[in-house]
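Protein chains in written order, with our numbering: chain F, 2 to 119; chain P, 5 to 278. The beta carbon of each residue, even a glycine, is placed where N, CA and C say it ideally should be. In what follows, a single structure is set out as structure tokens and then discussed.
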């Protein structure tokens, strides 16, 4: 029974639904490790997936998204709600600027913490 | 390097079209794309630091202290930050470090007193950034040998209002911070220079630098060798006896804490997450 439970859950919320996906940004891929001292890269994540009718609670939607999805179910000219970041967090970068000065700066909204249908 | 900015799927599109060498318009597109990313980071162009560029250990310590990327395999250096640094960092989202311009330094070493004038070029601080705090960090190296150790030094930090008009004249200064230190310890001393640096950032024409004065009150009591060792205790100038690497990590460091009005402070981000 314990083994079957996760399967049932997966059926309820297919993997195509809106959720957070892994995305690692490696600064060395674009040669930015020459001037970014730390970190070497970071986990940015991204949001992707369907926002199906009816929107369930775990899809982290708004009242407006529920209404828009409802209208879409009867009129396809109105698009479905979009799967977007609903919570973001900052990261700190240690880097050398154009003048070779060393800077530690906190950049807002660099990491996706949560996704939702909006 | 810039080609790496194109996602894999779009890179395939380029190669499918049969073009192996990118055309000028593609290169321009890549440059524009990279510039947009750099603008997002507050940079006008891609930095190309030389191999001689030095990253002060203090900045690395600050990064590890505040970083959210907790990687367990990396050994964290022992924190040497005081509460004043935590307070300053909690109000700032940007921390900048500066080494002085050695071409403008002026050293005078008279009996019982060493005075060194430093000029820090702060023109790279953007106008929209508000400096909330600044510290001048001076390294002092333990005096070796029982005969020389245990003495005291007075370190005075002055803001230079007007440089000396002639070599024999004194510059016009005001005292910013002072401390009595014992030469039996090896450590960094941090001095509050926030009021002067905040003004220089707003009005760069008033920046005539800082004067670091080291008084050696007990100098006359020791032998000549002891006196020489004591003079070397506070590292305000290059030593002929040490290599280049040690000076790069031991030279005075000006650290500014500022906020550009966007986003949370460096320190807060970690605490909020916890």
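Between the CA atoms of residue j and residue i - distance to the nearest angstrom
i: residue 60 (chain F); j: residue 47 (chain F); result: 15 Å
i: residue 48 (chain P); j: residue 39 (chain F); result: 20 Å
i: residue 160 (chain P); j: residue 171 (chain P); result: 21 Å
i: residue 109 (chain F); j: residue 97 (chain P); result: 10 Å
i: residue 74 (chain F); j: residue 53 (chain F); result: 9 Å
i: residue 99 (chain F); j: residue 146 (chain P); result: 36 Å
i: residue 133 (chain P); j: residue 264 (chain P); result: 4 Å
i: residue 90 (chain P); j: residue 204 (chain P); result: 23 Å
i: residue 45 (chain P); j: residue 106 (chain F); result: 9 Å
i: residue 81 (chain P); j: residue 255 (chain P); result: No answer about residue 81 (chain P) holds up, because its pLDDT of 47 lies below 50 and its placement is not dependable.
i: residue 119 (chain P); j: residue 217 (chain P); result: 4 Å
i: residue 104 (chain P); j: residue 221 (chain P); result: 27 Å
i: residue 156 (chain P); j: residue 93 (chain P); result: 31 Å
i: residue 21 (chain F); j: residue 124 (chain P); result: 46 Å
i: residue 175 (chain P); j: residue 41 (chain P); result: 45 Å
i: residue 43 (chain P); j: residue 56 (chain F); result: 38 Å
i: residue 43 (chain F); j: residue 72 (chain F); result: 39 Å
i: residue 144 (chain P); j: residue 27 (chain F); result: 39 Å
i: residue 115 (chain F); j: residue 62 (chain P); result: 34 Å
i: residue 53 (chain P); j: residue 102 (chain F); result: 9 Å
i: residue 197 (chain P); j: residue 49 (chain F); result: 49 Å
i: residue 189 (chain P); j: residue 183 (chain P); result: 14 Å
i: residue 111 (chain F); j: residue 68 (chain F); result: 30 Å
i: residue 251 (chain P); j: residue 219 (chain P); result: 22 Å
Below-8 Å beta-carbon distance, residue i vs any chain F residue
i: residue 267 (chain P); result: yes
i: residue 83 (chain P); result: With a pLDDT of 45 at residue 83 (chain P), under the threshold of 50, the modelled position of that residue is not reliable, and no figure is offered here.
i: residue 29 (chain P); result: no
i: residue 197 (chain P); result: no
i: residue 32 (chain P); result: no
i: residue 80 (chain P); result: In this prediction, residue 80 (chain P) scores a pLDDT of 49, lower than 50, which makes its location untrustworthy; no coordinate-derived value is stated.
i: residue 220 (chain P); result: no
i: residue 172 (chain P); result: no
i: residue 128 (chain P); result: yes
i: residue 201 (chain P); result: no
i: residue 185 (chain P); result: no
i: residue 164 (chain P); result: no
i: residue 1 (chain P); result: As displayed, chain P neither begins before 5 nor continues past 278, which places residue 1 (chain P) out of reach and without an answer.
Minimum Cβ-Cβ distance from residue i to chain P less than 8 Å
i: residue 45 (chain F); result: no
i: residue 100 (chain F); result: yes
i: residue 79 (chain F); result: no
i: residue 23 (chain F); result: no
i: residue 67 (chain F); result: no
i: residue 35 (chain F); result: yes
i: residue 56 (chain F); result: no
i: residue 26 (chain F); result: no
i: residue 38 (chain F); result: yes
i: residue 113 (chain F); result: no
i: residue 2 (chain F); result: Model confidence at residue 2 (chain F) stands at a pLDDT of 43, short of 50, so the residue's coordinates are unreliable; what they give is reported in the following sentence. Chain P contact via Cβ: absent.
i: residue 61 (chain F); result: no
i: residue 73 (chain F); result: no
Outcome for residue i when other beta-carbon atoms lying within 10 angstroms are tallied against a minimum of 16
i: residue 32 (chain P); result: exposed
i: residue 215 (chain P); result: buried
i: residue 84 (chain F); result: buried
i: residue 200 (chain P); result: buried
i: residue 83 (chain P); result: Low local confidence applies: a pLDDT of 45 at residue 83 (chain P) is under 50, so the model's placement there is unreliable, with the coordinate-based value given in what follows. Exposed.
i: residue 131 (chain P); result: exposed
i: residue 194 (chain P); result: buried
i: residue 179 (chain P); result: exposed
i: residue 37 (chain P); result: exposed
i: residue 25 (chain F); result: exposed
i: residue 104 (chain F); result: buried
i: residue 70 (chain F); result: buried
i: residue 62 (chain F); result: buried
i: residue 187 (chain P); result: buried
i: residue 191 (chain P); result: exposed
i: residue 28 (chain P); result: exposed
i: residue 66 (chain F); result: buried
i: residue 81 (chain F); result: buried
i: residue 23 (chain F); result: exposed
i: residue 177 (chain P); result: buried
i: residue 142 (chain P); result: buried
Below 8 Å, can you find three or more Cβ-Cβ pairs linking the stretch 61 to 68 of chain P to the stretch 85 to 100 of chain F? They touch, by the three-pair rule.
Are there three or more Cβ pairs, one per stretch, closer than 8 Å when the stretch 256 to 273 of chain P is compared with the stretch 130 to 146 of chain P? Verdict: yes, contact present.
Anything in the stretch 81 to 97 of chain F with a Cβ closer than 9 Å to a Cβ of chain P? List those residues in chain order, please. Within the stretch 81 to 97 of chain F, 90, 91, 92, 93, 94, 95, 96, 97 place their CB atoms closer than 9 Å to a CB of chain P, listed in sequence order.
Stretch-stretch touch, CB-based, cutoff 8 Å, three pairs: the stretch 200 to 217 of chain P with the stretch 165 to 178 of chain P: The stretch 200 to 217 of chain P vs the stretch 165 to 178 of chain P: in contact.
Residues of the stretch 89 to 103 of chain P in Cβ contact with chain F at a cutoff of 7 Å, in chain order, please. Result list: 97, 98, 99, 100, 101, 102.
Using a Cβ-Cβ cut-off of less than 9 Å, give me the residues of the stretch 43 to 55 of chain P that come near chain F, in sequence order. Residues are counted here when their Cβ sits less than 9 Å from a Cβ of chain F; for the stretch 43 to 55 of chain P these are 44, 45, 46, 47, 48, 49, 50, 51, 52, 53, 54, given in chain order.
Interface positions of the stretch 58 to 72 of chain P facing chain F (Cβ-Cβ less than 9 Å), listed along the chain: Of all residues in the stretch 58 to 72 of chain P, those with a C-beta nearer than 9 Å to a C-beta of chain F are 58, 59, 60, 63, 64, 66, 67, 68, 70, 71, 72, reading in chain order.
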